[in-house]
Structure formats: C-alpha cells, structure tokens
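Student: For the first sequence, the numbering used here gives the first residue as 83, with consecutive numbering after it. Backbone N, C-alpha and C fix where the C-beta goes; we use that ideal spot for every residue, glycine too. Predicted, not measured: the structure shown is a model, and the values here were computed from it. I have a structure I would like to understand better, so I am pasting it below and will then ask my questions one at a time.
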Amino acid sequence: MRPVPALKRKVCGRFTLAARPQDLQQEFPDFWFPSDLPPRYNIAPSQQTLVLPGDGAFQARSMRWGLVPAWARDPAIGNRMINARSETVLERPAFRSAFRKRRCLVCADGFYEWQGSPPRRRPFHITLPGGVPFAMAGIWEEWPSPEAENLSTFALLTTRANPDLRAIHDRMPVILGPEARPVWLDPTRPPDALLDLLVPFPGRLELRAVSRFVNRPGNEGPECLAAAES
DNA sequence: CCAGACGTTGTT
DNA sequence: GTCTGG
DNA sequence: CCAGACGTTGTT
DNA sequence: GTCTGG
83 MRPVPALKRK VCGRFTLAAR PQDLQQEFPD FWFPSDLPPR YNIAPSQQTL VLPGDGAFQA
143 RSMRWGLVPA WARDPAIGNR MINARSETVL ERPAFRSAFR KRRCLVCADG FYEWQGSPPR
203 RRPFHITLPG GVPFAMAGIW EEWPSPEAEN LSTFALLTTR ANPDLRAIHD RMPVILGPEA
263 RPVWLDPTRP PDALLDLLVP FPGRLELRAV SRFVNRPGNE GPECLAAAES
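Right, here's the structure in full:
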C-alpha cells in the first residue's frame, strides 16, 4: 500500500522584512548591508528582496522571489517556483543544480500563513520571540536574460511545521540558526550534511492573527500587521 | 546519435 | 544543463 | 500566498 | 476553472 499523503495546506507565500539595517547587521555580522533598505511588510512572489548568497562575497543582494532555472525559456516559470520541498530538492531538475552550488539565506523578520477555507481564510503573522530577524534557507539561480542583465532569482526551502505552527499549518519555511548558517552557505559541503539542516524550527514561534489587508499583494506598510478584524 | 522536454505548490 | 525518447 | 484576468484578427 | 502577476 502506498503511503498515505500527509495533510497538506499551503506554504509560505508572503513575508516581512521591516528590520532596520543596523538590526540586520547585528544578526548577520559577516555580511555587508545597504544603508537605504526600505521596511517591507508584504513581500510577495515575483518581488525583489534581500538575500545573502554563499558566494564568498558576504554582500547582501536583491533577488527576485521565484526561481527561474537557467534553461527556462520563459522566466514566468519562476512565479510558481517559490518553494522547494526539502524532501525532494535533491532530485528535482529545476532545483538540483541550485541546491548543490547556489545556496543562500533569505532575510526576514516574520512570515504569513493563511488558515482555514475560503471565504473565511485568515492570515497570521509568525515571528520569533521579540521579533528579531532570522534567516530562511534558500537556493538561487542566475537566468541569462537576452535583453537585460542576468536575472537573479531564489526559492525558499520548506519542511514540516513545528509544534507552535501545527495548529494552523503543516508546512513552514526552513529557519536556520546562527550555527547552521555557515554550514548552509559553505559551497564544499556534501548534500547529506545540508539535508540534515532542513528540519522544523526547534525554538518557539509567536503567531498573531492579522487583518486581511495583507491579502492584496499591492498593499504595503505597517497596516499589514494590524490586528485581525473580528 | 539528435530532438525535445524539463516545474512547484496544493488540492481542509 | 541534463535526462528521456526515438 | 492572494487578486485578478481570462479574446480575436493579423502582423517584415 | 485555471493561469498570470505582484
């Protein structure tokens, strides 16, 4: 008998990065950050956001969320390549090469998950205690655009939800603590050592129901974190 | 050998 | 790029 | 992830 | 319903 598929709901598709550059500098002291970083409360797929690639430059870069494989004909394919399952990332043709050679950290200070079924689906904002910035595990690609400069894109690694999150969701982005980050970014690390890092977050998470204002991808600003209407 | 395809998420 | 199908 | 669009003809 | 765009 085939294994019964686990309960599945939708996975990380929005997040926040409202932290100031000095807060990021403190959390990621090895990296250089731009000083003019705008606070973001509604980062959606296809948008640019701050990524720390393991390319040895230790320079924060802006990349587009939604991985476009190097061989893609149409970069629109990236709009659906926003998450890569940890369980299968090693085999998937679209991700395998990026997983082996181009890993990164994706800076965030919270992410959104939606709970329930339409039309009552409600967004939650999930943070670490105190709202400190954290690093999500990512992989990235460079797509040679015929007209413009290369397009840099990334996908987030996902794993099972941890106990705090399980009430609303069964998947979550992989969050890497300070010890795991250099391992993930080390280009010489073998796949087995990397896969060991892709586990549910072992610490506590804080969940807060927020307004549906965040639903609309074009909405931006601290209103995205307003308490949920009753 | 060449030609042609190549993907993910989720489906509560 | 890399794999499959013919 | 959610919101919003969703068409055709013909075109060196 | 399904796909694209943000």
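Is the beta carbon of Ala126 sitting closer than 8 Å to the one on Leu134?
Tutor: Numbered from its first residue, the first sequence carries residue 126 at position 44. Numbered from its first residue, the first sequence carries residue 134 at position 52. No, the Cβ-Cβ distance between Ala126 and Leu134 is not below 8 Å.
Student: Check Ser144 in the structure and name its three-state DSSP category.
Tutor: Counted from its first residue, the first sequence places residue 144 at position 62. Reduced to three states, the DSSP call for Ser144 is strand.
Student: Within 10 Å of its beta-carbon, does Pro151 have 16 or more other beta-carbons around it, so buried, or fewer, so exposed?
Tutor: Numbered from its first residue, the first sequence carries residue 151 at position 69. Buried, since its Cβ has 16 or more Cβ neighbours within 10 Å.
Student: Please determine if the stretch 276 to 295 and the stretch 99 to 117 are in contact, where contact requires at least 3 C-beta pairs separated by less than 8 Å.
Tutor: Contact fails: fewer than three Cβ-Cβ distances are below 8 Å.
Student: Just to confirm the assignment, what range does the alpha helix (DSSP H) spanning Pro273 have?
Tutor: For the purposes of this step, residue 273 is identified with residue 191 of the first sequence, where counting begins at 1. Run containing Pro273: 273 to 277, per the alpha helix (DSSP H) assignment.
Student: Over what stretch of residues does the beta strand (DSSP E) that includes Arg182 continue unbroken?
Tutor: Walking along the first sequence from the start, residue 182 turns up at place 100. First-last for Arg182: 175 to 183, but that is the alpha helix (DSSP H), not the beta strand (DSSP E).
Student: Buried or exposed: where does Trp266 fall if 16 or more other Cβ atoms within 10 Å of its Cβ makes it buried?
Tutor: Walking along the first sequence from the start, residue 266 turns up at place 184. Per the 10 Å Cβ criterion, buried.
Student: On the DSSP letters alone, give me the boundaries of the alpha helix (DSSP H) that Arg96 sits inside.
Tutor: Within the first sequence, the letter at position 14 stands for residue 96. Element bounds for Arg96: not the alpha helix (DSSP H) but the beta strand (DSSP E), 96 to 99.
Student: Glu231 lies in the alpha helix (DSSP H); which residues open and close that run?
Tutor: The residue labelled residue 231 in the question sits at position 149 within the first sequence. Unbroken run through Glu231: none, as it is neither H nor E.
Student: Using 7 Å as the cut-off, classify the Cβ of Leu187 as near or not near the heavy atoms of the ligand GDP, replying yes or no.
Tutor: Among the components of this structure there are no ligands whatsoever, and the ligand GDP is therefore not found.
Student: Just how far apart, CA to CA, sit Gly136 and Ser312?
Tutor: Taking the first sequence and counting its residues from 1, one reaches residue 136 at position 54. Taking the first sequence and counting its residues from 1, one reaches residue 312 at position 230. The alpha-carbon atoms of Gly136 and Ser312 are separated by roughly 44 Å.
Student: Exposed or buried, Pro245, counting other C-beta atoms within 10 Å across all chains shown (16 or more means buried)?
Tutor: Along the first sequence, read from residue 1 onward, the residue named residue 245 stands at position 163. By the neighbour-count rule (16 or more Cβ atoms within 10 Å), Pro245 is not buried but exposed.
Student: Do the stretch 218 to 236 and the stretch 290 to 306 touch if we need at least three Cβ pairs shorter than 8 Å?
Tutor: The stretch 218 to 236 is not in contact with the stretch 290 to 306.
Student: Got a sec? Which residues, its chain only, sit under 7 Å from Val296 by beta carbon, not counting five neighbours each side?
Tutor: The sequence position of residue 296 within the first sequence is 214, counting from 1. Result list for Val296: Arg96, Asn124, Tyr194, Pro205, Cys306, in chain order.
Student: On the three-state DSSP scale, how would you describe Arg102?
Tutor: Walking along the first sequence from the start, residue 102 turns up at place 20. Reduced to three states, the DSSP call for Arg102 is coil.
Student: Alpha carbon to alpha carbon, how far is Asp156 from Phe110? Give it in angstroms, no decimals.
Tutor: By one-based count along the first sequence, residue 110 stands at place 28. By one-based count along the first sequence, residue 156 stands at place 74. Approximately 34 Å between the Cα atoms of the pair.
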